[in-house]
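Keeping their order, the protein sequence lines are chains A and B.
Using the numbering used here, read the first sequence as starting at 632 and increasing by one per residue.
Using the numbering used here, read the second sequence as starting at 632 and increasing by one per residue.
Glycine is no exception: its CB is placed at the ideal position from the N, C-alpha and C atoms.
A quick note: this is a predicted structure, and the numbers were derived from the prediction, not measured.
Let me begin by presenting the structure, written as structure tokens, before commenting on it.
2 protein chains.
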Amino acid sequence: MKTTRKSRWKDIRNQINKRILNQTYRPGDKLPRDEDIANEFDCARSTVQRAMRSLADEGMLQRKRKGGTTVTTDPFTRTTLDIPITRRDIESRGHRYHYHLIHNSQERAPAKIAACFKQTHSEPCLKLESLHLADGRPYVYERRWISLTTVPEIQNVDLSEISANEWLVRNRPFSRCDVQIHASICTEKEAEYMGITANTAVLILERTTWISESPITHVRALHEPGYRLIPNGSMS
Amino acid sequence: MKTTRKSRWKDIRNQINKRILNQTYRPGDKLPRDEDIANEFDCARSTVQRAMRSLADEGMLQRKRKGGTTVTTDPFTRTTLDIPITRRDIESRGHRYHYHLIHNSQERAPAKIAACFKQTHSEPCLKLESLHLADGRPYVYERRWISLTTVPEIQNVDLSEISANEWLVRNRPFSRCDVQIHASICTEKEAEYMGITANTAVLILERTTWISESPITHVRALHEPGYRLIPNGSMS
DNA sequence: AAGTGGTCTAGACCACCTC
DNA sequence: AGGTGGTCTAGACCACTTG
Numbered sequence: 632m633k634t635t636r637k638s639r640w641k642d643i644r645n646q647i648n649k650r651i652l653n654q655t656y657r658p659g660d661k662l663p664r665d666e667d668i669a670n671e672f673d674c675a676r677s678t679v680q681r682a683m684r685s686l687a688d689e690g691m692l693q694r695k696r697k698g699g700t701t702v703t704t705d706p707f708t709r710t711t712l713d714i715p716i717t718r719r720d721i722e723s724r725g726h727r728y729h730y731h732l733i734h735n736s737q738e739r740a741p742a743k744i745a746a747c748f749k750q751t752h753s754e755p756c757l758k759l760e761s762l763h764l765a766d767g768r769p770y771v772y773e774r775r776w777i778s779l780t781t782v783p784e785i786q787n788v789d790l791s792e793i794s795a796n797e798w799l800v801r802n803r804p805f806s807r808c809d810v811q812i813h814a815s816i817c818t819e820k821e822a823e824y825m826g827i828t829a830n831t832a833v834l835i836l837e838r839t840t841w842i843s844e845s846p847i848t849h850v851r852a853l854h855e856p857g858y859r860l861i862p863n864g865s866m867s
Numbered sequence: 632m633k634t635t636r637k638s639r640w641k642d643i644r645n646q647i648n649k650r651i652l653n654q655t656y657r658p659g660d661k662l663p664r665d666e667d668i669a670n671e672f673d674c675a676r677s678t679v680q681r682a683m684r685s686l687a688d689e690g691m692l693q694r695k696r697k698g699g700t701t702v703t704t705d706p707f708t709r710t711t712l713d714i715p716i717t718r719r720d721i722e723s724r725g726h727r728y729h730y731h732l733i734h735n736s737q738e739r740a741p742a743k744i745a746a747c748f749k750q751t752h753s754e755p756c757l758k759l760e761s762l763h764l765a766d767g768r769p770y771v772y773e774r775r776w777i778s779l780t781t782v783p784e785i786q787n788v789d790l791s792e793i794s795a796n797e798w799l800v801r802n803r804p805f806s807r808c809d810v811q812i813h814a815s816i817c818t819e820k821e822a823e824y825m826g827i828t829a830n831t832a833v834l835i836l837e838r839t840t841w842i843s844e845s846p847i848t849h850v851r852a853l854h855e856p857g858y859r860l861i862p863n864g865s866m867s
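What follows is the structure, encoded as structure tokens:
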């Protein structure tokens with residue numbers, strides 16, 4: 632039974648995948664050379680390559696020149712996590728989006744932020760606090776620092792109309808991004824903004840983005856209680 | 632200046648990527664056909680394909696037959712998240728791993744778990760509670776349900792010696808996995824197990840794994856306060 | 001209907017890494 | 001030093017989808 636009839640390399644990937652699930656190939660085992668597998672399936676080596684690379688990308692196989700292909704020992708769950716801009720997140724859930732700028736000032740980056748920016752000196756920054764609402768209900772409270780060295784032109788943008796989130800994404804695409812996810816208790820001030828009681832558990836996403844080696848922004852986004860982050864479904 | 636000299640397709644990917652960052656190609660814009668780009672870079676079309684597919688996988692481009700290649704509008708941050716088994720997580724942080732089985736019983740799946748398994752009936756399950764310790768300090772408290780229909784042989788395994796986590800990964804690889812991440816307040820019982828005060832905010836990972844369409848296990852892993860989940864660094 | 005990306009081939013050379 | 005995966009080519013056909 633050939634599973635699909637659409638693309639040969641997906642068939643092959645599924646066959647090999649099945650053998651791993653079957654324990655035909657066990658963690659740590661070495662697979663035949665690509666060429667032998669190509670002979671077995673009667674196809675070009677590059678087709679096998681395509682299949683094997685796919686499995687390697689998913690973390691199931693490890694490939695080394697001369698070392699051959701082996702099944703990953705101690706496999707892990709690899710998922711991809713897509714973090715949209717907050718407006719899209721809200722709209723894709725079928726809610727109406729609204730945005731409110733709470734605070735806007737120019738300050739030098741405190742040590743903590745400078746550390747996120749991997750800099751020793753304190754850089755001039757824009758400090759923003761804002762609220763993203765879904766159907767009028769507070770959804771995300773974010774505290775953001777934007778490097779005025781990297782993005783000086785943001786001083787001329789009216790950030791009460793468009794969120795810094797969106798302006799940056801549209802005008803200053805980043806080349807790298809660090810993400811951290813953790814749980815925290817919200818402070819009284821945060822609770823007030825979010826319209827919830829203090830000491831509630833909330834999910835926090837922190838992101839720092841860069842263009843080349845210059846830091847663009849650091850943002851700490853506090854989500855409404857009960858918020859669930861759902862990575863894309865994944866294969867072993 | 633050609634950035635790398637190693638692989639042509641990476642050069643091309645970086646060049647195209649640069650043009651997106653440069654705003655040469657803006658969100659929503661249509662790129663030239665692969666063949667034209669191949670002519671520009673004087674290479675085979677399949678080399679361009681390799682580069683474009685890479686960018687498409689990262690979520691930066693969208694490709695459609697006949698529709699051509701366009702720059703993603705409203706870009707999002709795409710990261711990959713690797714979730715190792717708890718023992719490896721602890722050991723890779725340089726701590727000594729220890730495991731303690733708290734509870735082990737055979738019960739029918741409550742409605743909530745049956746829902747996670749996408750089943751209407753209540754399946755016979757193994758219900759486990761266990762603690763993973765790092766240098767003797769509670770690190771993860773997990774509550775796990777294992778389907779005895781899918782994995783009957785687990786009844787013969789001594790789960791006080793090896794964690795279900797590891798036994799399953801080694802003996803019952805899964806083909807699919809659903810993940811959810813959220814923040815919660817720990818209960819008094821959980822706090823006692825974790826050696827922390829009640830009402831602390833904790834990060835919770837819930838996973839359901841499947842082999843084909845049969846559910847294997849559902850696990851809810853409660854992490855120590857302050858735990859940070861860190862996806863792999865990502866490109867735009 | 002036709003244009004575009006997706007797949008595949010057969011062969012070649014290269015780069016890395018163990019053996 | 002040799003074997004393995006990684007890349008590349010030139011060309012072909014296919015499959016999807018839009019004009």
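So the beta strand (DSSP E) residue i belongs to, where does it begin and stop?
i	result
B/R684	No beta strand (DSSP E) holds B/R684; the alpha helix (DSSP H) holding it covers R676 to D688.
A/N875	Since the displayed chain A opens at 632 and closes at 867, residue 875 of chain A lies outside it and no answer follows.
A/D713	T708 to I714
B/G699	G699 to V702
A/K695	L692 to K695
Kindly list the residues whose CB is nearer than 6 Å to the CB of residue i, restricted to its own chain and excluding five residues on each side of it in sequence; keep chain order.
i	result
B/Y728	R718, I721 and E722
B/I744	W776 and H849
A/L712	P862
A/P783	none
B/K661	G699 and T701
B/L759	N735, R775 and A795
B/P769	L762, M825 and G826
Taking only the alpha-carbon atoms, compute the straight-line gap between residue i and residue j and give it to the nearest angstrom.
i	j	result
A/D809	A/A852	14 Å
B/R694	A/A687	23 Å
B/Q606	B/T781	Because chain B here runs from 632 to 867, residue 606 of chain B falls outside it and cannot be looked at.
B/I890	B/T700	Any answer about residue 890 of chain B is impossible in this case: the structure gives chain B only from 632 up to 867.
A/N670	A/R657	22 Å
A/N648	B/N735	32 Å
A/T635	B/C817	Residue placement at A/T635 is poorly supported in this model, since its pLDDT is 47, which falls under 50; the coordinates still yield a value, given next. When rounded, the distance between both Cα atoms is 46 Å.
B/F805	B/P846	9 Å
B/R774	B/S685	39 Å
B/N830	A/T831	9 Å
A/Y824	A/L732	11 Å
B/I651	A/V800	12 Å
B/R739	B/E819	25 Å
B/L836	B/P715	12 Å
B/Q654	A/Q811	28 Å
B/P755	B/V788	17 Å
A/T708	B/T708	20 Å
B/R803	A/R724	35 Å
A/V833	A/A765	17 Å
A/T703	A/E689	10 Å
A/A746	B/Q786	50 Å
B/W798	B/L790	8 Å
Apply the 10 Å Cβ neighbour rule to residue i and answer buried if 16 or more other Cβ atoms are within range, or exposed otherwise.
i	result
A/D673	exposed
B/H752	exposed
A/S778	buried
A/R838	buried
A/E855	buried
A/S843	exposed
B/P741	exposed
A/S638	exposed
A/E792	exposed
B/A822	buried
B/T678	buried
Could you check where the alpha helix (DSSP H) with residue i kicks off and where it finishes?
i	result
A/R719	T717 to S723
B/R644	R639 to L652
A/D667	D665 to F672
Whose C-beta lies closer than 7 Å to the C-beta of residue i among residues of the same chain, with five residues either side of it excluded?
i	result
A/R676	D665, E666 and A669
B/A682	W640, I643, R644 and I647
B/N796	I716 and T717
B/Y858	L834
Residues in its own chain within less than 8 Å of residue i by CB, not counting five upstream and five downstream?
i	result
A/D705	P658
A/F748	A740, E754, S778, T839, P846 and H849
Quiz item: Whole alpha helix (DSSP H) runs in the segment 744 to 789 of chain B with 4 or more residues, listed along the chain?
Solution: Within the segment 744 to 789 of chain B, no complete alpha helix (DSSP H) run reaches 4 residues.
Self-check item: Whole runs of the beta strand (DSSP E) within the segment 778 to 859 of chain B, excluding any shorter than 3 residues
Solution: Within the segment 778 to 859 of chain B, the complete beta strand (DSSP E) runs of at least 3 residues are 807 to 816, 832 to 842 and 845 to 854.
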